[in-house]
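A.B. asks: The sequence shown begins at 1 in full-length UniProt numbering and counts up by one. Once you've had a glance at the structure underneath, I'll fire off some questions.
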Amino acid sequence: MSGHRLPTPEEMASFPPPNYIDPETRRPFVLAVEIPLTALVITFVSMRFYSRTVLIRALGADDYFMLAAAVVTAGTSIMTCISTLPVYQTGYHIWDLRPEIAKDPVQTAQMAMATQLLFVCITAFTKVSVLLTYLRIFPSQKNKYFCYAMMVFTTAWAITTFLLFLLQCEQVPVQSYWFMTAYPERKCVSIGPIYYVTGALNVFSDFLIFLWPAKDLAKIQISLKQRIILILMFTIGILVCVAGCFRIWYTWIFINTYDALWHGCTLYVIIAIETSLGIICGCLPACKPLMSKLVPLIFTSTHSSTHRSIKTPKLGGQSFPFQSLGGGIRKEEGFSVEYCDAGSTFEGHVTTTTNVECTRGRDEEDARSASSEEWIMLRDSNKSEAVHTAREGV
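Here it is as structure tokens:
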């Protein structure tokens, strides 16, 4: 990356003797973060595609955008790990750099430029994927306006930021950024303000996008436990916002240091955390069907009763009785996320689900279980529409 300052003569005089044999490096730190994050990204995207293709069969454009983000993230992570090898020396102190690296770090600078550009692509793909998911789940006109507006904003931000990073040095061709000795008179813009402004706009849109569904999800009539889980699935992206704020702060440290490769390595790790968390958070709602099967105790609330009873809840003037069979009643409450397919008139939504298991009694060998039917009444002036929302085993 460019933009960092050069050391003063006084600072250079204070450098310790160079260590070319066993220098201090942040490579172990990078590997300890990048490898697990990449594994998590691959895992969650795989779970997303399994849920969408096998369990609910609702594959859409949002899945392909998220897949693109995951592929670019994995490639960036591999490149970052390679850049910390001794041959490139990213993550080394300036006084430990070999003379040929310190004089003309061509490949190191190339990877730095690539990291900046790929970060923009990952961020844009992830946000567009999340917004497309919102369009498939939340049918309100207000939500459609918001999603389309934010997609336009994200696209404009991505194109502008990409070009600013790519063309930050005045000389043409672009390789003047990394061929420093070939262009000794090169002039590059002050990258600091560009980092700060584009970073602030990115964090601002993070807050808007990841917190957008919270107000609607809080109104769904399910148990407190399930409501909290549902809200967290959509809004845990607040961690992405925190990582973005931290990245802006550390960018300031990077720009104001002469030890660019040492601090730049840490900045790469922060970028990896931010982008990986964005992908993971964006995959959580789509992974709900699979997670419900893997960990049902977390994604369902269970209520048991051993009394004979007849319950007749009334919804919109209609009665739907639930009657025990003389033994026990075990009720599992949860929620499901419905998606609409491209070109379909069906609108996606988040609905509650209830499974009721009834047994005849302790002394009888046979048992009977069935899924209940729960109806949500949707009113429009004098019209009421019953929407069947229960799904077996969800």
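No residue lacks a Cβ here, since even glycine has one placed at the ideal position from N, Cα and C.
If I measure Cβ to Cβ from R27 and keep anything under 7 angstroms in the same chain, skipping five residues before and after, which residues do I get?
C.D. replies: If you number the sequence shown from 1, residue 27 lands on position 27. Cβ within range, chain order: T84, G91.
A.B. asks: Could you pull out every residue in the same chain whose Cβ sits closer than 8 angstroms to the Cβ of A342, ignoring the five residues on either side in sequence?
C.D. replies: Numbered from its first residue, the sequence shown carries residue 342 at position 342. Low per-residue confidence applies at A342: pLDDT is 43, beneath 50, and the placement is therefore not dependable, though the value from the model is reported in the following sentence. Hits under 8 angstroms: G60, A61.
A.B. asks: Give every residue of the same chain whose Cβ lies closer than 8 angstroms to the Cβ of C283, excluding the five residues on either side of it in the sequence, and list them in chain order.
C.D. replies: Residue mapping note: residue 283 aligns to position 283 of the sequence shown, counting from 1. If we look at C283 and ignore the five residues flanking it on each side, its Cβ neighbours are F44, V45, M47, R48, M66.
A.B. asks: Give me the Cα-Cα distance between I273 and T155, rounded to the nearest whole angstrom.
C.D. replies: Mapped onto the sequence shown, residue 273 falls at position 273. Mapped onto the sequence shown, residue 155 falls at position 155. For I273 and T155, the distance between alpha carbons rounds to 22 angstroms.
A.B. asks: Going by DSSP, name the residue or residues bridged to C188.
C.D. replies: Stepping through the sequence shown from its first residue, residue 188 is reached at position 188. Partner(s): C169.
A.B. asks: Look at Q110 and W178 and say whether their C-beta atoms are less than 7 angstroms apart.
C.D. replies: The residue labelled residue 110 in the question sits at position 110 within the sequence shown. The residue labelled residue 178 in the question sits at position 178 within the sequence shown. In contact: Q110 and W178 (Cβ atoms closer than 7 angstroms).
A.B. asks: Under 7 angstroms, do T73 and I122 count as touching if we go by C-beta distance?
C.D. replies: Residue 73 sits at position 73 when you count from the first residue of the sequence shown. Residue 122 sits at position 122 when you count from the first residue of the sequence shown. Their beta carbons are under 7 angstroms apart, which means T73 touches I122 by this criterion.
A.B. asks: If I measure Cβ to Cβ from A68 and keep anything under 7 angstroms in the same chain, skipping five residues before and after, which residues do I get?
C.D. replies: For the purposes of this step, residue 68 is taken as residue 68 along the sequence shown, with counting starting at 1. Same-chain partners within the cutoff: F125.
A.B. asks: Are there 16 or more other CB atoms within 10 angstroms of the CB of L6, so buried, or fewer, so exposed?
C.D. replies: What you label residue 6 is simply residue 6 of the sequence shown in a count that begins at 1. Label assigned to L6: exposed.
A.B. asks: Tell me the rounded alpha-carbon separation between V295 and I231.
C.D. replies: Residue numbering aside, residue 295 sits at position 295 when the sequence shown is read from its first letter. Residue numbering aside, residue 231 sits at position 231 when the sequence shown is read from its first letter. Going by the C-alpha atoms only, they are around 18 angstroms apart.
A.B. asks: Can you find a heavy atom of the ligand COA that lies under 6 angstroms from the Cβ of C241?
C.D. replies: Among the components modelled here there is no ligand, and therefore nothing to report on the ligand COA.
A.B. asks: Using only CA atoms, which one of P289, L208, T198, T266 lies nearest to A112?
C.D. replies: Reading the sequence shown from its first residue, position 112 is the one you call residue 112. Nearest option by C-alpha distance: T266.
A.B. asks: For a test of the three-state rule: what should DSSP assign to T25, helix, strand or coil?
C.D. replies: For the purposes of this step, residue 25 is taken as residue 25 along the sequence shown, with counting starting at 1. Reduced to three states, the DSSP call for T25 is strand.
A.B. asks: Would DSSP call Y50 helix, strand or coil?
C.D. replies: The count along the sequence shown starts at 1 and reaches residue 50 at position 50. In this structure, Y50 counts as helix in the three-state DSSP scheme.
A.B. asks: Buried or exposed for P105, please, with buried defined as at least 16 other CB atoms from any protein chain shown within 10 angstroms of its CB.
C.D. replies: Counting from 1 along the sequence shown, the entry for residue 105 is found at position 105. Result: buried.
A.B. asks: Considering only the beta carbon of each residue, do V203 and A158 sit closer than 7 angstroms?
C.D. replies: The sequence position of residue 203 within the sequence shown is 203, counting from 1. The sequence position of residue 158 within the sequence shown is 158, counting from 1. Not closer than 7 angstroms, so no.
A.B. asks: For Y92, which residues does DSSP report across the bridge?
C.D. replies: For the purposes of this step, residue 92 is taken as the residue at position 92 of the sequence shown. According to DSSP, Y92 bridges with T25.
A.B. asks: How would you write the range of the alpha helix (DSSP H) that S276 sits in, first residue to last?
C.D. replies: Position 276 of the sequence shown holds residue 276. Segment 260-294, the alpha helix (DSSP H) holding S276.
A.B. asks: Could you tell me whether the Cβ atoms of I209 and M150 are closer together than 7 angstroms?
C.D. replies: For the purposes of this step, residue 209 is identified with residue 209 of the sequence shown, where counting begins at 1. For the purposes of this step, residue 150 is identified with residue 150 of the sequence shown, where counting begins at 1. Their beta carbons are under 7 angstroms apart, which means I209 touches M150 by this criterion.
A.B. asks: When you compare only the Cα positions, how much space is there between V71 and I270?
C.D. replies: Residue numbering aside, residue 71 sits at position 71 when the sequence shown is read from its first letter. Residue numbering aside, residue 270 sits at position 270 when the sequence shown is read from its first letter. Those two C-alpha atoms are separated by around 18 angstroms.
A.B. asks: Please work out which residues of its chain come closer than 6 angstroms, Cβ to Cβ, to L97, disregarding the five sequence neighbours upstream and downstream, and give them in chain order.
C.D. replies: On the sequence shown, position 97 is the one that residue 97 refers to. Cβ neighbours of L97 beyond the five flanking positions: Q89.
A.B. asks: Going by beta carbon distance, what residues of the same chain come within less than 7 angstroms of L31, once the five residues before and after it are set aside?
C.D. replies: Taking the first residue of the sequence shown as 1, we reach residue 31 at position 31. Counting only Cβ-Cβ distances below 7 angstroms, and skipping sequence neighbours, we find C81.
A.B. asks: Return the residue from the list G199, P17, I101, T133 that minimises the CA-CA distance to L261.
C.D. replies: Looking up residue 261 in the sequence shown gives position 261. Among G199, P17, I101, T133, the Cα nearest to that of L261 belongs to I101.
A.B. asks: Assuming R52 and A286 make a contact with CB atoms under 8 angstroms, what is their CB distance in whole Å?
C.D. replies: Working through the sequence shown from its first residue, we reach residue 52 at position 52. Working through the sequence shown from its first residue, we reach residue 286 at position 286. Right, their Cβ atoms sit about 6 angstroms apart.
A.B. asks: Could you tell me if Q141 is buried or exposed, where buried requires 16 or more neighbouring beta carbons within 10 angstroms of its beta carbon?
C.D. replies: Taking the first residue of the sequence shown as 1, we reach residue 141 at position 141. Q141 should be labelled exposed.
A.B. asks: How would you write the range of the alpha helix (DSSP H) that P7 sits in, first residue to last?
C.D. replies: For this step, residue 7 is matched to residue 7 along the sequence shown. Where P7 is concerned, there is no enclosing alpha helix (DSSP H), given that its DSSP letter is neither H nor E.
A.B. asks: Among I279, L132, V33, L166, which residue has its Cα nearest to the Cα of C147?
C.D. replies: Along the sequence shown, one-based indexing puts residue 147 at 147. When each option's Cα is compared against that of C147, the closest is L132.
A.B. asks: Locate the alpha helix (DSSP H) running through T257, then write down its first and last residues.
C.D. replies: Translated into the one-based positions of the sequence shown, residue 257 becomes position 257. Run containing T257: none; DSSP gives neither H nor E here.
A.B. asks: Relative to the C-alpha of T257, which residue among S129, Y50, C245, G192 is closest?
C.D. replies: By one-based count along the sequence shown, residue 257 stands at place 257. Out of S129, Y50, C245, G192, G192 has the C-alpha closest to the C-alpha of T257.
A.B. asks: Quick check on DSSP: helix, strand or coil for R227?
C.D. replies: In the sequence shown, counting from the first residue as 1, residue 227 sits at position 227. DSSP places R227 in helix when its eight states are reduced to three.
A.B. asks: I'd like to know whether the C-beta atoms of L166 and I194 end up nearer to each other than 7 angstroms.
C.D. replies: Sequence index remark: in the sequence shown, residue 166 carries index 166 (1-based). Sequence index remark: in the sequence shown, residue 194 carries index 194 (1-based). No, they are not a contact pair.
A.B. asks: Hey, F29 and W95: beta-carbon distance below 7 angstroms or not?
C.D. replies: To locate residue 29, count along the sequence shown from 1; it is residue 29. To locate residue 95, count along the sequence shown from 1; it is residue 95. No, they are not a contact pair.
A.B. asks: Quick one: give me the first and last residue of the alpha helix (DSSP H) that R136 is part of.
C.D. replies: Reading the sequence shown from its first residue, position 136 is the one you call residue 136. That run of the alpha helix (DSSP H) goes 106-137.
A.B. asks: DSSP on W249, reduced to helix/strand/coil?
C.D. replies: Taking the sequence shown and counting its residues from 1, the one referred to as residue 249 is at position 249. Helix.
A.B. asks: For the alpha helix (DSSP H) containing P99, name the first residue and the last one.
C.D. replies: Looking up residue 99 in the sequence shown gives position 99. That run of the alpha helix (DSSP H) goes 99-103.
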